[in-house]
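Data first, discussion second: the structure below is written as structure tokens.
Numbering (the UniProt record's numbering), first residue to last: 1 to 292.
Encoded structure:
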């Protein structure tokens, strides 16, 4: 009989400074993370099982971690976002998968301890976008791989920026590397426009990308998917804000906090607009009692 996921995790838990007790509601975990300086941090976790897949969340209240933080990869139900797609280690079929899961959880908690101390989530270059944006991010990264290791490294380091062409009537996206404009793509035809750029793969320092296999198509895909990722990520955070999600306040730079501010600004503008005064709930401001 094939061992269940909790049994596989329980067998190797001691190798990762953890204990796992199988409980009717799942697996109760105690795990101690030791930092480089020797400091120890103890966590209490709950592992839930659905078929061959497991999920994990902190059960201490108050705990070491916030209850929800998209930028720290903590979901709304307190579960940990450990990866996306093929990088998600939640399917536990054998001992190798169990060990990969524990190693991922240990690294995840190490990052969380660092975020508590430094107010920035470490390993951001390996982070995933939120919600449906993660699929667009994966598509962009696959396209980047076709353009060579140097291009992919710059992508992971956040060296590129995709933004709309600011000129009127130009339905185009621009790819920037610092202050250097690399390429433009038409959102209507989904093709490169203007003079073909030098291919970033590096095979020919002066060669146009249109003469370098399928790299022109790869660059177009990268630019479009980066843009779609940004739009979907913003939409996810604004949906969270509209649903009443609160910022945990543990990071200096927070996408959710920015989305909440944008939502509040839009709400104030709507309330103060002339159309708002036609509502039966609108009341004129009270007159000042200050003598004039």
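Ideal Cβ placement from N, Cα and C applies to all residues, glycine included.
With 16 other CB atoms within 10 Å as the buried threshold, where does residue i fall?
i, result
"residue 90", "buried"
"residue 78", "buried"
"residue 251", "buried"
"residue 60", "exposed"
"residue 9", "buried"
"residue 34", "exposed"
"residue 143", "buried"
"residue 158", "exposed"
"residue 26", "buried"
"residue 200", "buried"
"residue 5", "buried"
"residue 243", "exposed"
"residue 13", "buried"
"residue 209", "buried"
"residue 36", "exposed"
"residue 156", "exposed"
"residue 18", "buried"
"residue 117", "exposed"
"residue 39", "exposed"
"residue 115", "buried"
"residue 150", "exposed"
"residue 87", "exposed"
Leaving out five residues on either side along the sequence, give the residues of the same chain with a beta carbon under 8 Å from the beta carbon of residue i.
i, result
"residue 81", "73, 74, 75, 128"
"residue 238", "259, 262, 263"
"residue 108", "73, 80, 82"
"residue 95", "8, 11, 12"
"residue 206", "198"
"residue 193", "172, 184, 185, 186"
"residue 178", "159"
Spatial neighbours of residue i within its chain, please: C-beta separation below 7 Å, excluding the five flanking residues on both sides.
i, result
"residue 65", "58, 74, 112"
"residue 187", "171, 172, 173"
"residue 1", "At residue 1, the pLDDT of 49 sits below 50, so the modelled position is not reliable; the number obtained from the coordinates is stated separately. So the list is empty, once near-sequence residues are dropped."
"residue 92", "5, 8, 9, 52, 54, 98, 101"
"residue 152", "144, 145"
"residue 119", "250, 251, 252"
"residue 141", "155"
"residue 190", "220, 224"
Assuming residue i contacts residue j under a Cβ cut-off of 8 Å, what Cβ separation, rounded to an integer in Å, is found between them?
i, j, result
"residue 254", "residue 71", "6 Å"
"residue 245", "residue 43", "Not confirmed; about 23 Å, so no contact."
"residue 133", "residue 85", "Rounded, the Cβ-Cβ distance is 13 Å, inconsistent with contact."
"residue 148", "residue 202", "6 Å"
Is residue i close to chain B, meaning its C-beta is less than 8 Å from at least one C-beta of that chain?
i, result
"residue 34", "Among the chains of the structure shown, chain B does not appear; only one protein chain is present."
Leaving out five residues on either side along the sequence, give the residues of the same chain with a beta carbon under 6 Å from the beta carbon of residue i.
i, result
"residue 104", "82, 89"
"residue 176", "161"
"residue 21", "28"
"residue 41", "33, 113"
"residue 196", "208, 209, 210"
"residue 123", "111"
"residue 106", "16"
"residue 131", "236"
"residue 257", "247"
Problem set entry | Unbroken stretches of the alpha helix (DSSP H), 4 residues or longer, contained in the segment 60-127 | Within the segment 60-127, the complete alpha helix (DSSP H) runs of at least 4 residues are 95-118.
Problem set entry | Ranges of the beta strand (DSSP E) found wholly within the segment 171-258, counting only runs of at least 3 | Qualifying beta strand (DSSP E) stretches, in chain order: 172-177, 180-186.
For this session: Determine contact between the segment 217-224 and the segment 42-54, defined as no fewer than three beta-carbon pairs at a distance below 8 Å.
Result: The count of Cβ pairs closer than 8 Å, one atom from the segment 217-224 and one from the segment 42-54, stays below three, leaving the stretches out of contact.
Problem set entry | Stretch pair the segment 223-233 + the segment 168-186: three plus CB contacts closer than 8 Å | Flag = yes, the segment 223-233 and the segment 168-186 touch.
Exercise. Taking one C-beta from the segment 226-237 and one from the segment 144-163 each time, how about it: are there three or more such pairs within less than 8 Å?
Worked result: Because the criterion of three Cβ pairs below 8 Å is met, the segment 226-237 and the segment 144-163 touch.
Exercise. Which full runs of the beta strand (DSSP E) of 3+ residues lie inside the segment 17-58, going along the chain?
Worked result: As far as the segment 17-58 is concerned, its whole beta strand (DSSP E) runs of at least 3 residues are 18-23, 26-34, 40-50, 53-58.
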